[in-house]
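All letters in the sequence shown, in the order written, are residues 12 to 512 by my numbering.
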Amino acid sequence: MSGTSDSFAPPAAGSEKGEGEAAAHASEEKAEGVPEGFEPRSFPPASGSVTSEGDAAPHRSEEKSEDQRTRTRKIDKAEESVVLVTQQQANQAEKTSAATVGEGSGASAAALHHPRPRYPPYPKGGKTKDVREWMKECRKVNEMIRELDDLDYDIPTMMAPKDPGTSKAVQSSKDKVVVLRAARSIVSVAYITDDGQKLPRCTGIIIKQWSDAPGHHHAIIVTCSRVLCKGGKKHDPLPKLSVTLPDKKTILDAELINFNDHYEIALLNISLDFALELPSIGRGAEYGQEVFVLARAGGASLRVRRGNVKWLEESGLLGRDYYMFLSCDIPEGGNGGMVIDNNGEIRGMAVYWSPYPAVISISTIVTCVDMFMQFNRVARPVLGFSLRTIALLDVQLQEDISDIGIDGGFVVDEVFYYYAEKLGIKCGNVIISINGQDALTLPELEDYLLSLGWDYLKDESICMKDLKLRVCDLKSGVKRDVALPVTFYDKAERVSPNLPL
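Here is the structure:
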């Protein structure tokens, strides 16, 4: 509560002076127990002032100008006019305010303005007995204020921001408009425990919607598969899921449509009687790009962080070479959070990872969603090795590699596929191109592999059987063409910890 002339912090209980102890003049000394920060007005010494109870100590000045006496009378009159609003008066004011609400109005008495009770003036004489009585009245006012606070301080205009990190991340008016528009397309996803509690787990993005009858709508929510998976396996039994919409009031049961552990994606379906707002979908995230990460925490409260997509690749992350990484932390509820650019276009989905949070490109997510909707599964060819791009290597290493006549492609970090080893592919080799593709980032390479998986799902009989690789051994400088037999993988769960799929 802000400190004003008629409101201040409550006095601490049990802080009054002992019986019989002197109470100094009000203008010179506060009685012990007076609320901290309270500065009583100065009053002229009264003839009734005492140094000990019952012992008069006259202190009136003999000489006063007529101007001083007039000013004193005005102060006394002003202080006498400051009265304590009793609980009965506050209740009566509430009833009076409630009576002004028109019949059929949706407003409640609790939402109306309540007069704020005022503290009584500090006793002029400073007697211990008077100070104790004053403190007792102050405590009554405190109780009344607390009751009114419960009514008046639960509206946004009277609240402090819930998350300082969000306030720091979104400061300009333009950014606030962009973030608020995008936030209309994210929801809170929770699982329901056996005792009926809703535990917030992650954020979901409204990715598709349709209507099959007037007032009967469906929406597809894409979220992080960790809400229902652990160690690459789906929970058994599957937890009941619920979705809280951006209005923070509408809570709906959610049905699992499908999931894929490799891409850490789960699709949920909700049914409702009104349409939702879809996000603006952009291209995949770009290295060095400034982004916002939007999430919903407990109660579907908005959380935002601001950062950049790092110039970083990490191989060996359970085969998820397509991960990009963030320079900022992910807020509470950030698994499945929306990653947007400065124009509000969605660029990816955030997931927790260590040491840096990861981003899954929106282009990859959209392809997986379309595969789920059309084929009820996602398929991709297995390369059998993990990669890094030459473009993101240290500039000194790039120069050394360019001396051999190689300006792009991929570096083999690890080989774990029998056919790749048999064909002589080993760590440190450079794969100059894959089916002629040589200038791709790892997320772009993943999208290319998904396009091959799409062809496989459409017609397995005519899909590609081999990947054509151009491989260079940096030690010998020999370049050769290799035909790598293609194995497509379309399982939702992780099959083997030794085969990162």
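Backbone N, C-alpha and C fix where the C-beta goes; we use that ideal spot for every residue, glycine too. For clarity, every value in this text was computed on a predicted model and none was experimentally measured.
| Asked | Found |
| --- | --- |
| Through-space distance from valine 423 to valine 489, alpha-carbon basis | 16 Å |
| Contact under 8 Å by Cβ, valine 426 with alanine 361 | no |
| At least three beta-carbon pairs within less than 8 Å, the stretch 173–190 to the stretch 242–251 | no |
| Alpha-carbon to alpha-carbon, proline 132 and proline 21 | Caution applies to proline 21, whose pLDDT of 41 falls short of 50 and renders its modelled position unreliable; the value that the coordinates give is listed next. Proline 21 and proline 132: Cα-Cα distance of roughly 14 Å. |
| Alanine 494 versus threonine 255: straight-line alpha-carbon distance, rounded | 50 Å |
| Sub-8 Å separation of leucine 463 and proline 392 beta-carbons | yes |
| Cross-strand partners of tryptophan 221 (DSSP beta bridge) | His229 |
| Lysine 241 burial status per 10 Å Cβ neighbour count (16 or more: buried) | exposed |
| Option nearest threonine 214 by Cα separation, candidates Gly176, Leu278, Glu158 | Leu278 |
| Alpha helix (DSSP H) runs contained entirely in the stretch 400–447, provided each spans 4 or more residues | 406–413, 429–433 |
| Glycine 295 at chain D interface by Cβ criterion, 8 Å | Note that chain D does not occur in the displayed structure, where there is just one protein chain. |
| Nonlocal neighbours in the same chain, by C-beta distance under 8 Å from isoleucine 232, ignoring five residues either side | Val198, Val200, Gly215, Ile216, Ile217, Ile218, Val254, Ala265, Leu278, Leu279, Asn280, Ile281 |
| C-alpha distance - valine 389 paired with glycine 345, whole-angstrom precision | 24 Å |
| Whole-number beta carbon distance between arginine 317 and alanine 308, since they are thought to touch under 8 Å | Incorrect: roughly 17 Å between the Cβ atoms, too far for contact. |
| Coarse secondary structure for lysine 135, derived from DSSP in three states | coil |
| CB contact flag (serine 372, methionine 349, <8 Å) | no |
| Residue environment, arginine 331, which counts as buried when at least 16 other CB atoms sit within 10 Å | buried |
| Residues of its chain near threonine 111, where Cβ-Cβ distance is below 7 Å and the 5 sequence neighbours each way are ignored | Below a pLDDT of 50, predicted positions are generally treated as unreliable, and threonine 111, at 41, falls in that range; no measurement from the model is reported. |
| Ranges of the beta strand (DSSP E) found wholly within the stretch 356–400, counting only runs of at least 3 | 357–362, 369–372, 391–393, 396–400 |
| Per DSSP, cross-strand counterpart(s) of proline 290 | Proline 290 is not bridged to any residue. |
| As assigned by DSSP and simplified to three states, the class of cysteine 149 | helix |
| Beta-ladder partner(s) of arginine 307, from DSSP | Leu313 |
| Nearest residue (CA-CA) to asparagine 387, options Asn269, Leu478, Trp364 | Asn269 |
| Presumed contact (8 Å Cβ cut-off) between leucine 337 and proline 368, rounded CB distance | 5 Å |
| For glutamate 167, the three-state DSSP class (helix, strand or coil) | Residue 167 is actually proline in this sequence, not glutamate. In this structure, proline 167 counts as helix in the three-state DSSP scheme. |
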